[in-house]
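Note sheet for the following structure.
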Amino acid sequence: MRWENGDEGIMGVCESYQREHPRFSVELPFDYSRLDGVEECAGFLENVSEQGLLVYLPELVEKGALLRIMIPFAQGPEFSTIKGTAKVVWGNLSPKVVWGKHRYGLEFQSFNRGSFDKFKILLNGAEKAHEGKVVNDLRMQSQYP
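Here the sequence shown stands for residues 16 to 160, numbered as in my numbering.
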(Lines of atoms letter the chains of each structure in order from A and count residues from 1; the text may use other names and numbers.)
(Lines give C-alpha, C1' and ligand atoms only; values in the text may rest on other atoms or scores of the structure.)
Protein backbone atom coordinates (compact mmCIF):
# COMPACT_ATOMS: atom_id res chain seq x y z
CA MET A 1 0.00 0.00 0.00
CA ARG A 2 1.31 3.49 -0.78
CA TRP A 3 0.33 6.78 0.81
CA GLU A 4 1.20 10.16 -0.67
CA ASN A 5 2.48 12.90 1.61
CA GLY A 6 3.14 16.08 -0.34
CA ASP A 7 6.01 15.56 -2.75
CA GLU A 8 7.48 12.54 -1.05
CA GLY A 9 5.94 9.09 -1.02
CA ILE A 10 5.61 7.07 2.15
CA MET A 11 5.55 3.32 2.02
CA GLY A 12 3.59 1.36 4.57
CA VAL A 13 2.21 -2.07 5.15
CA CYS A 14 -1.47 -2.51 5.75
CA GLU A 15 -2.41 -5.81 7.33
CA SER A 16 -5.98 -6.95 7.41
CA TYR A 17 -6.89 -9.50 10.02
CA GLN A 18 -9.97 -10.98 11.59
CA ARG A 19 -10.10 -11.13 15.37
CA GLU A 20 -10.91 -14.49 16.88
CA HIS A 21 -13.36 -12.68 19.18
CA PRO A 22 -14.85 -9.47 17.71
CA ARG A 23 -14.97 -6.40 19.96
CA PHE A 24 -18.08 -4.35 20.60
CA SER A 25 -18.31 -0.84 22.01
CA VAL A 26 -20.10 -0.62 25.37
CA GLU A 27 -18.69 2.50 27.09
CA LEU A 28 -19.55 1.77 30.73
CA PRO A 29 -18.07 2.77 34.07
CA PHE A 30 -16.93 -0.14 36.22
CA ASP A 31 -15.22 -0.78 39.55
CA TYR A 32 -12.10 -2.81 40.10
CA SER A 33 -9.61 -3.67 42.81
CA ARG A 34 -6.31 -5.48 42.79
CA LEU A 35 -6.68 -9.11 43.80
CA ASP A 36 -4.15 -8.57 46.59
CA GLY A 37 -5.77 -5.32 47.79
CA VAL A 38 -9.06 -4.04 49.15
CA GLU A 39 -9.27 -0.49 47.76
CA GLU A 40 -11.86 -0.17 44.99
CA CYS A 41 -11.20 2.19 42.10
CA ALA A 42 -13.36 3.34 39.21
CA GLY A 43 -12.42 2.65 35.61
CA PHE A 44 -14.03 3.05 32.21
CA LEU A 45 -14.86 0.11 29.95
CA GLU A 46 -14.61 1.05 26.27
CA ASN A 47 -15.20 -2.23 24.48
CA VAL A 48 -15.73 -5.90 25.16
CA SER A 49 -15.22 -9.28 23.53
CA GLU A 50 -15.75 -12.88 24.64
CA GLN A 51 -12.11 -12.97 25.70
CA GLY A 52 -11.64 -9.64 27.45
CA LEU A 53 -12.03 -5.91 27.85
CA LEU A 54 -10.42 -2.66 26.69
CA VAL A 55 -10.42 -0.36 29.72
CA TYR A 56 -9.10 2.98 30.95
CA LEU A 57 -7.82 3.05 34.54
CA PRO A 58 -6.70 6.02 36.66
CA GLU A 59 -3.45 4.34 37.72
CA LEU A 60 -0.47 2.49 36.33
CA VAL A 61 -0.97 -1.26 36.61
CA GLU A 62 1.72 -3.79 35.80
CA LYS A 63 1.29 -6.44 33.12
CA GLY A 64 0.16 -9.71 34.68
CA ALA A 65 -1.69 -8.06 37.58
CA LEU A 66 -4.96 -9.74 38.56
CA LEU A 67 -7.97 -7.49 39.10
CA ARG A 68 -11.40 -8.07 40.59
CA ILE A 69 -13.89 -6.45 38.23
CA MET A 70 -17.48 -5.36 38.85
CA ILE A 71 -19.43 -4.14 35.83
CA PRO A 72 -22.91 -2.73 36.52
CA PHE A 73 -25.29 -2.64 33.56
CA ALA A 74 -28.99 -2.26 32.84
CA GLN A 75 -30.73 -5.58 32.27
CA GLY A 76 -34.21 -4.52 31.22
CA PRO A 77 -35.76 -2.36 33.95
CA GLU A 78 -33.28 -3.60 36.57
CA PHE A 79 -29.56 -3.21 37.16
CA SER A 80 -27.29 -6.21 37.28
CA THR A 81 -23.60 -6.59 38.11
CA ILE A 82 -21.04 -8.81 36.42
CA LYS A 83 -18.30 -9.90 38.82
CA GLY A 84 -15.13 -11.74 38.02
CA THR A 85 -11.37 -11.72 37.75
CA ALA A 86 -9.29 -10.43 34.84
CA LYS A 87 -5.58 -10.26 34.09
CA VAL A 88 -3.79 -7.23 32.61
CA VAL A 89 -2.29 -8.56 29.36
CA TRP A 90 -1.10 -5.27 27.85
CA GLY A 91 -1.04 -1.57 28.57
CA ASN A 92 0.07 1.58 26.82
CA LEU A 93 0.00 5.31 27.15
CA SER A 94 -3.06 6.62 25.40
CA PRO A 95 -4.01 10.18 24.47
CA LYS A 96 -6.27 10.08 27.52
CA VAL A 97 -3.26 9.70 29.84
CA VAL A 98 -3.26 13.50 30.02
CA TRP A 99 -6.59 13.18 31.85
CA GLY A 100 -5.17 10.55 34.18
CA LYS A 101 -6.40 7.54 32.21
CA HIS A 102 -4.17 4.65 31.16
CA ARG A 103 -5.35 2.12 28.56
CA TYR A 104 -5.19 -1.62 29.25
CA GLY A 105 -6.26 -4.89 27.73
CA LEU A 106 -7.76 -7.28 30.26
CA GLU A 107 -8.26 -11.00 29.71
CA PHE A 108 -10.97 -12.80 31.66
CA GLN A 109 -9.73 -15.37 34.15
CA SER A 110 -12.99 -16.30 35.89
CA PHE A 111 -16.54 -15.16 36.59
CA ASN A 112 -18.43 -15.31 39.88
CA ARG A 113 -21.42 -17.64 39.95
CA GLY A 114 -24.13 -16.37 37.57
CA SER A 115 -21.95 -13.58 36.18
CA PHE A 116 -21.01 -15.40 32.97
CA ASP A 117 -24.68 -15.57 31.96
CA LYS A 118 -25.03 -11.85 32.71
CA PHE A 119 -21.91 -11.17 30.65
CA LYS A 120 -23.39 -13.07 27.69
CA ILE A 121 -26.49 -10.83 27.95
CA LEU A 122 -24.29 -7.70 27.94
CA LEU A 123 -22.24 -9.00 25.00
CA ASN A 124 -25.37 -9.96 23.05
CA GLY A 125 -26.84 -6.48 23.61
CA ALA A 126 -23.60 -4.83 22.47
CA GLU A 127 -23.51 -7.03 19.37
CA LYS A 128 -27.12 -6.15 18.48
CA ALA A 129 -26.39 -2.44 19.00
CA HIS A 130 -23.34 -2.78 16.72
CA GLU A 131 -25.38 -4.56 14.04
CA GLY A 132 -28.03 -1.82 14.23
CA LYS A 133 -25.34 0.85 13.84
CA VAL A 134 -23.86 -0.94 10.83
CA VAL A 135 -27.32 -1.20 9.23
CA ASN A 136 -27.99 2.50 9.90
CA ASP A 137 -24.55 3.45 8.52
CA LEU A 138 -25.25 1.43 5.36
CA ARG A 139 -28.63 3.14 4.97
CA MET A 140 -26.99 6.55 5.30
CA GLN A 141 -24.36 5.63 2.70
CA SER A 142 -27.00 4.45 0.24
CA GLN A 143 -28.98 7.69 0.65
CA TYR A 144 -26.00 9.97 0.12
CA PRO A 145 -23.68 9.00 -2.74
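Cβ atoms here follow ideal geometry from the backbone N, Cα and C, with glycine treated the same way. If you're wondering where the values come from, they're calculated on a predicted model, not measured in any experiment.
Residue j beta carbon less than 8 Å from that of residue i
i	j	result
M85	D51	no
T96	L81	no
H145	S40	yes
L72	H117	yes
E42	E61	yes
L137	F88	yes
F123	G67	yes
S130	R83	no
Integer Cβ distance of residue i from residue j, believed to fall under 8 Å
i	j	result
K133	L121	About 17 Å; that fails the 8 Å criterion.
V76	Y119	6 Å
N139	K98	Between K98 and N139 the Cβ distance is about 19 Å, and since that is not below 8 Å, they are no contact.
Residues that DSSP places opposite residue i in a beta bridge
i	result
A141	Its beta-bridge partners do not exist; DSSP assigns none.
D46	A57 and M85
L68	V63 and L121
S40	N62
Residue i, buried or exposed, once every other Cβ within 10 Å from all chains shown has been counted against 16
i	result
G58	buried
Check your understanding: Which full runs of the beta strand (DSSP E) of 3+ residues lie inside the stretch 86 to 127, going along the chain?
Key -> Listed in chain order, they are 93 to 107 and 117 to 126.
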